[in-house]
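Remarks on the structure that follows.
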Amino acid sequence: MLAYIIRRVFILIPTLLGVSLIVFFMLRLTPGDPAELMLGERATEESLHEVREHLGLNEPLHVQYGMFMKRLMKGDLGETIFTRQKVWTEIKHRFPATLELSVCALFISCFVGIILGIVSATKQYSVFDYLSMLGALTGVSMPIFWLGLVLMLIFSVNLGWLPISGRLSVLIDLEVVTNFYVLDSIITKNWVALKDSIWHLIMPAVTLSTIPTAIIARMTRSSMLEVLKQDYIKTAMAKGLSKFKVVYKHALRNALIPVVTTIGLQFGVLLCGAILTETIFAWPGVGKWMYEAVMQRDYMVIQGGTLVIATIFIVINLFVDLLYAIINPKISIK
Amino acid sequence: MKKIGILLTLLMFLFSGSVFAAPKAGGTFVFGRGGDSVGLDPAYETDGNSFMVCDNIFEALVFYKDESTALEPGLAESWEIAADGLTYTFHLRKGVKFHDGTPFNANAVVFSIGRMMKETNVKFIGKGYDIPKQDRTPEYWASMEMDGTIGSIEAIDDYSVVFKLKRVEAPFLANMGMDFADIISPTAFLSNPKEFLRKPVGTGPFKFVSWVKDDKIVLEKFNDYWDKKGGPYFDKVIFRAIPENSVRFLELKTGSINVCQFPNPADIPLAKKDKNLQLISQPGMNVGYLSFNFTKEPWKSNLHLRKAVAHALNRKAIVDNIYQGMGQVANNPIPPTMWGYNKNVPGFAFDVELAKQELEKAGFKDGKGLGEITLWSMPVPRPYNPEGLKVGVAMVSNLAKIGIQARIVSYDWGTYLKKQREQPDDMDMFQLGWTGDNGDPDNFLAVLFDGLASPSIRTQWHNAEYHDLMIKGKTTIDQAERTKIYERALQVIFDEVGTIPIAHSTVIWPSTKNVMNFKLHPTGSVRLKNVSFK
Chain A
719 MLAYIIRRVF ILIPTLLGVS LIVFFMLRLT PGDPAELMLG ERATEESLHE
769 VREHLGLNEP LHVQYGMFMK RLMKGDLGET IFTRQKVWTE IKHRFPATLE
819 LSVCALFISC FVGIILGIVS ATKQYSVFDY LSMLGALTGV SMPIFWLGLV
869 LMLIFSVNLG WLPISGRLSV LIDLEVVTNF YVLDSIITKN WVALKDSIWH
919 LIMPAVTLST IPTAIIARMT RSSMLEVLKQ DYIKTAMAKG LSKFKVVYKH
969 ALRNALIPVV TTIGLQFGVL LCGAILTETI FAWPGVGKWM YEAVMQRDYM
1019 VIQGGTLVIA TIFIVINLFV DLLYAIINPK ISIK
Chain B
96 MKKIGILLTL LMFLFSGSVF AAPKAGGTFV FGRGGDSVGL DPAYETDGNS
146 FMVCDNIFEA LVFYKDESTA LEPGLAESWE IAADGLTYTF HLRKGVKFHD
196 GTPFNANAVV FSIGRMMKET NVKFIGKGYD IPKQDRTPEY WASMEMDGTI
246 GSIEAIDDYS VVFKLKRVEA PFLANMGMDF ADIISPTAFL SNPKEFLRKP
296 VGTGPFKFVS WVKDDKIVLE KFNDYWDKKG GPYFDKVIFR AIPENSVRFL
346 ELKTGSINVC QFPNPADIPL AKKDKNLQLI SQPGMNVGYL SFNFTKEPWK
396 SNLHLRKAVA HALNRKAIVD NIYQGMGQVA NNPIPPTMWG YNKNVPGFAF
446 DVELAKQELE KAGFKDGKGL GEITLWSMPV PRPYNPEGLK VGVAMVSNLA
496 KIGIQARIVS YDWGTYLKKQ REQPDDMDMF QLGWTGDNGD PDNFLAVLFD
546 GLASPSIRTQ WHNAEYHDLM IKGKTTIDQA ERTKIYERAL QVIFDEVGTI
596 PIAHSTVIWP STKNVMNFKL HPTGSVRLKN VSFK
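Protein chains in written order, with my numbering: chain A, 719 to 1052; chain B, 96 to 629.
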């Protein structure tokens, strides 16, 4: 297994090189540039030339790429064009917000999705089965934008139970240690902030979890149905084992294998930034930041952010593959 | 006796505060805006979200009056302009401190403005400061060509600064009231130049406390602020970034924020009906316009064709339906609140018959022979135009009624700006607009329409009389004379259809009812010194 891990880590390097090349050149071939967007209607040829000079955009492309790679070798993702902050610092600042939201959303999706999938599979063609799959279809089809606003109207405006947006009430001061607000509240024993940060998490996490819940539920159901048809399951039932033991001890373990892949990929998608959810709920995470960087052509953010996201995806994929082997020792890692 | 008693009671009632609410000191004011600031160094920022925070941390030598672009003393108590218009002497206010406790003085002015110069031709009193080399372009300074205007800046004593200009520049004083000319603490800047944009220090009524990126900026009252009259009242001011317009409005309805910047137009009637909200409005110092590609025929020479287009457009319908009433039809390419506005210019009447006659005179009866033309429209909402594409569609439909076939062309915003400036052959007409910087007509009329001044002017209309008027306007100091110059320029641009002004938008921001004295400024600045809760 160690050799496998080392091999996968080495493959990371040419993969990321390819990603950097594609992103770098695609960005510069795309019309519009950060200088134009910075100056807007005020842009003149002279002022544009000056700004581009300062940003190094007047250099030939291969020189710009060389400069970027040279910095990257030193672990430097460069500075954002608009805020002049280190890209890595900006990612580090925003990533905990996205991670906190994603973990919460993933937890909800796994809990609800797996249970729904198992029950649907064991009660195939029942009313529960039809309703839960209809719910899954609705979850996948529902515009997140719409769902978020509806939840706000019901739970915040009409019922007044939950705050509308943001991570924490503006009037609450929280000492930031890790930038995971729930964790920081516990570390600093700020129980007011703990309740407030959890309350702020609920709606965006539920909104964000709808699509993954639907996907996980459907995948679990399909996988369970497949496994429940196997001969060894029929044998176990024939031997008189309880349905609970058959399903949860024997069937689930094998049924979870494709579900684990799905969960891993969904986690990767969530971590890469839930742009719509973050925008609606004014959640200061990576997704919204990357979207704004694309609109503003902040090349350094897009390049650096894409490399980080690609790395996360690759690492998650590796982790999922390793988990395969742990769940089912019959699968060998080669 | 009884009558006196009633009179006294009435007087007490009137002044008790139940009719005239008094400003209440204290409280936390939360401003909900659509995005976060980019940075807080006023010399280097270009976006409104950065400037609105800078407006409260920093101050300039001159201030714009409330709801007007007329000037009044700011950090300079008074000033003199030499007869030749090339020397400005500012006498500074004494006893003003920066938020870090260091004194405001002539050296601070020389440093703050001098650091933007390409060649720092400055003179301090005494030891002064070493101005560090620029690591990026101060964009506003560059786009307003200040290096071509200011020759040198000298401190002649602790509270007097002299600016020597290279050329007469009538808008110079107004420019000194803009955000880029704000005075910063040299000590704070020099202690960490790279971090100053995240840890700003000025002389303003509020000082910087903290910034959670993409979330909130917190300011608190500066207790040593030099002007104790009329505020600052709030203990804290928080600028919250809430990108989605509907969500921002919901936050306002629940009272979590006190002002909602740029709500959806559809939410304005809801705010009107809500007893807990009030509307604050101000005609924007802006114009949305439709211009021609004057680098090619037939637009360059065919005045009748341009008139035909102008009279075909139903601009009132555009304002009513697309601006949703939040605007007014523009008769001049500068808003009516600005000096220099020409009331005698009637604007282009919506007259389909007249438009058809002009089209016939142009040699394209019923549009025959013209072919399909392109009408470039921007894809993003702008302060002067809420929905460029919809306005474009409305215009296409108007033109079709007189026989002109047009199609919409659009690109993403950055590309749109870049391509439009290149005056491509496939561009016939284009929509754009402008928000004024300093309330000076030169800032609109020369920057936007004097094609003879530079090939990078977006409307390449070449008119010798107009060009002469623009030069005269810049080099004449007397305001009354300048007013006549710009009124004449507005007549010329109307007669020759150098552009078709569409609308001036009205800015309407709802706020909670307990907010007092919040005024919208034509320049878009958000100054909170005099604002309070009831």
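The C-beta atom is built at its ideal place from N, Cα and C for all residues, glycine as well.
So B:Ser247 is in the beta strand (DSSP E); what residue range does that whole segment cover?
From DSSP, the beta strand (DSSP E) with B:Ser247 extends over 245-252.
Quick one: what does DSSP say A:Ala923 is sitting in, helix, strand or coil?
Three-state DSSP puts A:Ala923 in a helix.
Segment contact flag, the region 438-456 of chain B with the region 400-416 of chain B, C-beta cutoff 8 angstroms, min 3 pairs:
Result yes; three or more Cβ-Cβ pairs closer than 8 angstroms.
In its own chain, which residues sit with a C-beta less than 6 angstroms from the C-beta of B:Ile670, not counting the 5 before and 5 after it?
Absent from the structure is residue 670 of chain B, since the part of chain B shown begins at 96 and ends at 629.
Beta-carbon proximity of B:Asp532 to B:Met273, cut-off 8 angstroms
Contact flag set, yes.
Got a sec? Which residues, its chain only, sit under 7 angstroms from B:Leu465 by beta carbon, not counting five neighbours each side?
Cβ contact annotation for B:Leu465 (same chain, cutoff 7 angstroms, sequence separation greater than five): Phe459, Ile499, in chain order.
Between A:Pro1002 and chain B, is there a C-beta pair that is closer than 8 angstroms?
Yes, because at least one Cβ of chain B sits closer than 8 angstroms to the Cβ of A:Pro1002.
Between A:Val1038 and A:Pro976, what straight-line distance do the alpha-carbon atoms span, to the nearest angstrom?
So the two alpha carbons sit approximately 10 angstroms from each other.
When the cut-off is 8 angstroms and only beta carbons count, does B:Tyr418 lie next to chain A?
Cβ-Cβ to chain A under 8 angstroms: no for B:Tyr418.
Would the region 327-346 of chain B count as touching the region 557-567 of chain B if we require 3 or more Cβ pairs under 8 angstroms?
Fewer than three pairs of CB atoms, one per stretch, sit closer than 8 angstroms, so the region 327-346 of chain B makes no contact with the region 557-567 of chain B.
Kindly list the residues whose CB is nearer than 6 angstroms to the CB of B:Met635, restricted to its own chain and excluding five residues on each side of it in sequence; keep chain order.
Because chain B in this structure spans residues 96 to 629, residue 635 of chain B falls outside the shown range and cannot be described.
Less than 8 angstroms between the C-beta atoms of A:Val1004 and A:Ala1011, yes or no?
Not closer than 8 angstroms, so no.
What residue range is occupied by the uninterrupted beta strand (DSSP E) comprising B:Ala407?
DSSP places B:Ala407 in no beta strand (DSSP E) but in the uninterrupted alpha helix (DSSP H) bounded by 398-407.
Residues near B:Gly203 in its chain [Cβ-Cβ closer than 6 angstroms; skip 5 each side]:
Here the sequence assigns Ala to residue 203 of chain B, which means Gly is not the residue at that position. Taken in chain order, the residues that qualify are Ile278, Pro281.
A:Trp917 (DSSP reduced to helix, strand or coil):
Note: A:Trp917 maps to helix in three-state DSSP.
Run through the region 540-612 of chain B for me and flag every whole alpha helix (DSSP H) of 4 or more residues, listed as ranges in chain order.
Qualifying alpha helix (DSSP H) stretches, in chain order: 559-570, 574-590.
How many angstroms separate the CA atom of B:Ile152 from the CA atom of A:Arg812?
Roughly 26 angstroms separates the two Cα atoms.
Out of curiosity, what's the CA-to-CA distance linking B:Leu615 and A:Thr928?
Near 41 angstroms, if we compare the C-alpha coordinates of A:Thr928 and B:Leu615.
State the DSSP-derived secondary structure class of B:Gln423, mapped to helix, strand or coil.
Per DSSP, reduced to three states, the secondary structure at B:Gln423 is strand.
May I have a chain-ordered list of the beta strand (DSSP E) segments no shorter than 3 residues that lie completely inside the region 169-202 of chain B?
Correct list: 171-176, 182-187.
Limits of the unbroken alpha helix (DSSP H) element including B:Pro378
Note, B:Pro378: premise wrong, no alpha helix (DSSP H); beta strand (DSSP E) at 372-378.
How big is the Cα-Cα spacing for B:Ile572 and B:Thr578?
So the alpha carbons of these two residues sit roughly 11 angstroms apart.
Any chance you could list the alpha helix (DSSP H) runs of at least 4 consecutive residues sitting entirely within the region 418-494 of chain B, in chain order?
Correct list: 447-456.
Candidates A:Thr906, A:Asp914, A:Asn776, A:Ser883: which alpha carbon is nearest A:Thr1065's?
Nothing can be reported for residue 1065 of chain A, as the shown portion of chain A is limited to 719 through 1052.
Rounded C-alpha distance that separates B:Lys514 from B:Leu547:
In a straight line, the C-alpha of B:Lys514 is about 20 angstroms away from that of B:Leu547.
Between the CA atoms of B:Gly297 and A:His918 - distance to the nearest angstrom
Looking at the two C-alpha atoms, the distance is approximately 34 angstroms.
Is A:Ser820 close to chain B, meaning its C-beta is less than 8 angstroms from at least one C-beta of that chain?
Chain B, which has no Cβ nearer than 8 angstroms to the Cβ of A:Ser820, makes this no.
Nearest by alpha-carbon distance to B:Phe317: which of B:Phe303, B:Met239, B:Thr618, B:Asn439 is it?
Of the listed residues, the one whose Cα sits closest to B:Phe317 is B:Phe303.
By the three-class DSSP mapping on this structure, what secondary structure does B:Arg622 have?
Note: B:Arg622 maps to coil in three-state DSSP.
At a CB distance below 9 angstroms, what residues from the region 779-810 of chain A approach chain B? Give them in sequence order.
Residues of the region 779-810 of chain A with a C-beta atom less than 9 angstroms from some C-beta of chain B are Phe800, Thr801, Arg802, Gln803, Glu808, listed in chain order.
In the DSSP assignment, what residue or residues form a beta bridge with B:Tyr384?
BP columns for B:Tyr384 point to B:Leu527, B:Pro596.
Within a Cβ cutoff of 8 angstroms, which residues of the same chain sit near B:Glu172, ignoring the five residues on either side of it in sequence?
His186, Leu187, Arg188, listed in sequence order.
Any C-beta of chain A sitting closer than 8 angstroms to the C-beta of B:Pro338?
Interface criterion met: the Cβ of B:Pro338 is under 8 angstroms from a Cβ in chain A.
If you run the structure through DSSP and keep just helix, strand and coil, what is A:Leu871?
Helix at A:Leu871.
Identify the continuous beta strand (DSSP E) that holds B:Trp306 and give its terminal residues.
That run of the beta strand (DSSP E) goes 301-307.
Is the Cβ of B:Leu540 closer than 8 angstroms to any Cβ of chain A?
For B:Leu540, the answer is no, since every Cβ of chain A falls outside 8 angstroms of its Cβ.
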